[in-house]
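First the structure, in the form of structure tokens, and then the observations on it.
Pasting the structure below:
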């Protein structure tokens, strides 16, 4: 299993007129978390894309527990529990500075060829790197 | 059942470097759809909020089928199939101008008292309006 | 001179915790306005980009007069007063449903070759279309 | 003069289909920069707002020099060169990891009473804190 943590401070523009972070932004935090995880294992997303593969979101879900607000410093936790095949499953939890669960969810990514825009399996070169880190 | 349709043209800033609409934006289109439905049955969200009730998102899910891109004119369909109680369930489908399903998902909203920020049941005044429209 | 008007209803996610539209969003409305103007004269931005030219923002300014809020229906007016050369100057005004000026500003776009990412002059094919509409 | 620096890594969703950071996002980075400056001198924006004062943007301008892209780690520099009176002037520069100027601009904030939404001068309590830091 891979697990990383990323600190994100709430930004003003991310709040809405309820005075809390707009619900769509947590899904953007999830993205920051998984991009950070990939970077930490040596796979920055811009390098993956340069290699001709894009990883669009296939599906996602999110459960909101405690609203985040301006001034909050969030801990975005990202888990990858299985090696990617045709899909890569990612799980996220976000906690605030008081240790309260803000939200949790999961995101499934696909792999597509950038040229043809057709689905492909996770490229061998990426899979190798995932395997190395799963074995650590 | 309530059902409304809202036309949304993709905006430039909603695209990302994959050249398609960023996945988080569809959840914002869902929001536009439900705000529009509420307005059409006589419950503009700003009026609901002025009455002391806010409707935060409790959970959501989304399945992405065909990416939308700049130039696309989307049809955002919003369904409410059951009267709200402690929660209001909403279902969305988005189609492009060629009739292809772009994505589909559902969103559960709660009701909270704006002052106390505590969960409440759907206020009677709102429920009455829903009931009128369900009976039509 | 070219002038177009585009109606934009404020979206919930565009508000911030001041209870008004976040200032950055008006610049996105400006973009919607100019994309719409280009489309109306037969130059949808996605076609321009497919032809190998991109039009990045070089500079902009905005003066905020009256905040827009949820429920507002805005009229985004876009003016092009001079034919493009190396740059395309655009001016915008946004009014609310009560005829109050919400904000006004101007945006200067450049032209770059999509491959080389180097600045180029406005392509002749585009210029021709601008000229036709200026002469109308 | 006050000057602070804030590191911001480009986020995936901030890119657009030109493959660069959408121009509106730099104005959001400016906001992150000034919120960070205020926090560092002991004036977190959420505390200012709780005290009954809001600081909406009155005007802004931005000149774009070098596009930022995914993978870039930006240095957002924020300058306040004069004590606030009815307005607070802020200047920003953003550099990338190679020391290239990405963009520069300035933002003028006003002060309004949260209740009346009327303009007020910079509250004495805030001004005192600015004065202390200007004298350092």
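Chains as they are written, first to last, in my numbering: chain A, 1 to 136; chain B, 137 to 272; chain C, 273 to 408; chain D, 409 to 544. Each residue gets a CB set at the ideal place from its N, CA and C atoms; glycine is no exception.
Please report the straight-line C-alpha distance between residue i and residue j, rounded to a whole angstrom.
i, j, result
"residue 389/C", "residue 39/A", "27 Å"
"residue 250/B", "residue 223/B", "16 Å"
"residue 207/B", "residue 449/D", "46 Å"
"residue 410/D", "residue 126/A", "46 Å"
"residue 232/B", "residue 216/B", "21 Å"
"residue 182/B", "residue 128/A", "52 Å"
"residue 108/A", "residue 30/A", "12 Å"
"residue 322/C", "residue 407/C", "26 Å"
"residue 56/A", "residue 153/B", "11 Å"
"residue 123/A", "residue 11/A", "36 Å"
"residue 316/C", "residue 246/B", "41 Å"
"residue 421/D", "residue 149/B", "10 Å"
"residue 391/C", "residue 405/C", "25 Å"
Return the Cβ separation of residue i and residue j in integer angstroms, given the expectation that the two are a contact with Cβ distance under 8 Å.
i, j, result
"residue 24/A", "residue 160/B", "5 Å"
"residue 85/A", "residue 121/A", "6 Å"
"residue 78/A", "residue 37/A", "5 Å"
"residue 75/A", "residue 94/A", "7 Å"
For residue i and chain A, any beta-carbon pair shorter than 8 Å?
i, result
"residue 492/D", "no"
"residue 249/B", "no"
"residue 452/D", "yes"
"residue 478/D", "yes"
"residue 291/C", "yes"
Would a check of beta-carbon distances place residue i closer than 8 Å to chain D?
i, result
"residue 32/A", "yes"
"residue 140/B", "no"
"residue 328/C", "yes"
"residue 76/A", "no"
"residue 395/C", "no"
"residue 109/A", "no"
"residue 323/C", "no"
"residue 339/C", "yes"
Hey, does residue i have any beta-carbon neighbour from chain C nearer than 8 Å?
i, result
"residue 26/A", "no"
"residue 481/D", "no"
"residue 470/D", "yes"
"residue 133/A", "no"
"residue 171/B", "yes"
"residue 12/A", "yes"
"residue 263/B", "no"
"residue 174/B", "no"
What does a CB cutoff of less than 8 Å around residue i pick up in its chain, not counting 5 residues either side in sequence?
i, result
"residue 337/C", "372, 373, 374, 375 and 376"
"residue 242/B", "196, 197, 225, 226, 227 and 228"
"residue 428/D", "475, 476 and 477"
"residue 52/A", "113, 114 and 115"
"residue 151/B", "157, 158, 205 and 206"
"residue 267/B", "219"
"residue 168/B", "142, 144 and 212"
"residue 276/C", "305, 308, 309, 312, 349 and 350"
"residue 63/A", "103, 104 and 105"
Between residue i and chain B, is any beta-carbon pair separated by less than 8 Å?
i, result
"residue 513/D", "no"
"residue 558/D", "The structure shown does not extend to residue 558/D, since chain D is modelled only from 409 through 544, so no value can be given for it."
"residue 487/D", "no"
Excluding five sequence neighbours on each side, which residues of the same chain lie with their C-beta closer than 6 Å to the C-beta of residue i?
i, result
"residue 462/D", "520 and 522"
Among residues of its own chain, excluding the 5 on either side of residue i, which ones have a beta-carbon nearer than 7 Å to its beta-carbon?
i, result
"residue 73/A", "7, 9 and 97"
Please list the segments of the alpha helix (DSSP H) lying wholly inside the stretch 74-99 of chain A, counting only runs of 4 or more residues, in order along the chain.
-> none
Run through the stretch 169-206 of chain B for me and flag every whole beta strand (DSSP E) of 3 or more residues, listed as ranges in chain order.
-> 193-200
Identify every run of the beta strand (DSSP E) within the stretch 230-268 of chain B, keeping only runs that are complete inside it and at least 3 residues long; order them along the chain.
-> 237-246
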